[in-house]
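Numbering (this note's numbering), first residue to last: 220 to 381. Don't be surprised by glycine CBs; every beta carbon is placed ideally from N, CA and C.
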Ligand code: MG
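Laid out in structure tokens, this is it:
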């Protein structure tokens, strides 16, 4: 038995804010603003899990109106979602994600992002794909006004008694 989920996210970029993607701090002239640490990639993966389990969305679990999630590390959101995967008797089979950012190039950071996500999902890094795109100079990403992420996750039922 499988369940598939999709998640996406977008955060506005401004000067003077850190840029964190997939749990990696990326040197950049603009960072993302949000209630938490604004990690669009981890938010997209987390939302993909809620989607696969049909358990609402990231906003319904971690309201941006709640003070306790202010500046929260997004890895905490993903860890919570992974707890729900286990609670429902599933395990992550694989993840595929796309991060869209105009500058800087993300390639040097991709493997660290994969490693971070794999570790939280408790799966091998070979099951986690993160791809980087630019906005080709068009739309909010292309104008370097936003960072965007999209992710799909496949969950696999864990058989009782092995
Ligand atoms: Mg977000």
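Residue i: CB within 7 Å of a non-hydrogen atom of ligand 1
{"i": "residue 280", "result": "no"}
{"i": "residue 276", "result": "no"}
{"i": "residue 253", "result": "yes"}
{"i": "residue 328", "result": "no"}
{"i": "residue 316", "result": "no"}
{"i": "residue 259", "result": "yes"}
{"i": "residue 228", "result": "yes"}
{"i": "residue 262", "result": "yes"}
Residues that residue i bridges to, as DSSP identifies them
{"i": "residue 230", "result": "366"}
{"i": "residue 239", "result": "244"}
{"i": "residue 314", "result": "347 and 372"}
{"i": "residue 352", "result": "319"}
{"i": "residue 222", "result": "374"}
Residue i to residue j span [Cα, whole Å]
{"i": "residue 241", "j": "residue 340", "result": "12 Å"}
{"i": "residue 270", "j": "residue 235", "result": "33 Å"}
{"i": "residue 346", "j": "residue 373", "result": "10 Å"}
{"i": "residue 358", "j": "residue 296", "result": "28 Å"}
{"i": "residue 238", "j": "residue 279", "result": "24 Å"}
{"i": "residue 245", "j": "residue 305", "result": "31 Å"}
{"i": "residue 287", "j": "residue 281", "result": "9 Å"}
{"i": "residue 225", "j": "residue 326", "result": "23 Å"}
{"i": "residue 369", "j": "residue 274", "result": "18 Å"}
{"i": "residue 258", "j": "residue 230", "result": "8 Å"}
{"i": "residue 316", "j": "residue 267", "result": "10 Å"}
{"i": "residue 302", "j": "residue 376", "result": "14 Å"}
{"i": "residue 307", "j": "residue 251", "result": "33 Å"}
{"i": "residue 320", "j": "residue 249", "result": "11 Å"}
{"i": "residue 351", "j": "residue 330", "result": "11 Å"}
Candidates the options, of which the one nearest residue i by Cα
{"i": "residue 324", "options": "306, 361 and 309", "result": "361"}
{"i": "residue 253", "options": "313, 310, 337 and 367", "result": "367"}
{"i": "residue 260", "options": "343, 328, 375 and 355", "result": "328"}
{"i": "residue 291", "options": "262, 321, 228 and 312", "result": "262"}
{"i": "residue 337", "options": "355, 264 and 309", "result": "264"}
Beta carbon proximity, residue i to chain B, threshold 8 Å
{"i": "residue 342", "result": "Of the chains in the structure shown, none is chain B; there is only one protein chain."}
> What alpha helix (DSSP H) runs, 4 residues minimum, are completely inside the segment 243 to 307?
Replying inline: 259 to 271, 277 to 280 and 293 to 306
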